[in-house]
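Whatever position you read off the sequence shown (first residue = 1), add 75 for this note's numbering.
Even for Gly, the Cβ is constructed at its ideal location relative to N, Cα and C.
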Amino acid sequence: MSLPTGDTEVPEPSTADRIHSLLSTTSSLTVRALGEHHHLDTQVSVHGSRLRLRAALDDPLTTAAVGAAEGLAVVLDVTDIAPVAVRDRVRARLTLAGRLRPAHLTDDGLGVHLRVDVAHAVLATPYATGAITGADLALATPDPLARYEAMLLTHLADDHAEALDVLTRLLDPAVLAHAPEVRPLALDRHGLVLRLDHSHGHRDVRLVFPEPARDTDDFGHRMHELLAAAQYGLPVHRR
């Protein structure tokens, strides 16, 4: 392992992969259609460039979708909230445009599955904004740790504060000058993002795994490698 140079790219998920992961793990979203906002508590499944979500039979959104022969033009809003308590918990905001159509009744007969044909989507974070098309989404894959990210981050924050202290040895001493509180902010197969929170603001730092994590067991190995690097003064990629 070596520290990145100025032209070294720090590996991280693509915009399309981030969007796929966010959609696959969200439990709520807002649908904008015909000048109205509809909040849905629903999981989303991603099938290529199409999404599937659930709504009640008597939901006005369902009625509007059934009555739109060419599909109902909609905009979906999804907010990515950090599972660990930090000062600013909004990690990203997703805006997705497409056409909404009814698919079929749910198995219990109490709702309907709605299909969204994705046209394009924009993911905005505090640091960058990325845009993709439905075709880009169809080529994306969710992160293998996405479904477990909240559990892993809260476990790290609540039960392994000493590990976070060790990981700070990998950081540039300058970012620790104001004695920030260190919290785990985000996690993906490529690495761990730490939030450094102090009275003057905050900063996020990505620590890159030596190799991408393939699953939760592999994540444990990658974390042990980062901790070993911190304990023995080995360099790692960071940003």
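What are the boundary residues of the alpha helix (DSSP H) that S99 is part of?
T90 to T100
Would you report the Cα separation of D133 and E145, rounded to the nearest angstrom?
21 angstroms
Apart from the five residues on each side of it in sequence, which residues of its chain come closer than 7 angstroms, Cβ to Cβ, to Y223?
T291
By Cβ distance, which residues of its chain are closer than 7 angstroms to R278, with the 5 residues on each side in sequence left out?
V250 and L271
Tell me E205's beta-bridge partners as DSSP assigns them.
It should be noted that the sequence gives Gly, not Glu, for residue 205. For G205, which the question treats as bridged, DSSP gives the partners L198.
DSSP-derived helix/strand/coil call for G295:
helix
Where R244 falls: helix, strand or coil (DSSP):
helix
So, P88 versus D218, is the Cβ gap smaller than 8 angstroms?
yes
Proximal residues to V311 (C-beta, below 7 angstroms), its chain only, five neighbours per side dropped
M76, L245, L282, V283, L301 and A304
Taking buried to mean at least 16 other C-beta atoms within 10 Å of its own C-beta, is R162 buried or exposed?
exposed
Does the beta-carbon of L228, which I'm using as the reference point, lie nearer than 7 angstroms to any heavy atom of the ligand MN?
Here there are no bound small molecules, and the ligand MN is not part of this structure.
Mind checking which residues open and close the alpha helix (DSSP H) that includes V141?
P135 to V141
Segment limits, alpha helix (DSSP H) that includes T229:
E224 to D234
Taking 8 angstroms as the limit between beta carbons, can you name the residues of its chain near P259, skipping five residues before and five after?
V159, L228, L231, A232, L239, L267, V268, L269 and R270
In whole angstroms, what is the alpha-carbon distance linking L185 and P255?
50 angstroms
Stretch pair the stretch 192-200 + the stretch 162-171: three plus CB contacts closer than 8 angstroms
yes
Just mark L189 as buried or exposed, buried being the case when its beta carbon has 16 or more other beta carbons within 10 Å.
buried
Pick from A131, R264, R297 and L309: whose alpha carbon is nearest that of D183?
A131
Which residue's Cα is closest to the Cα of L214: A221, R93 and G142?
R93
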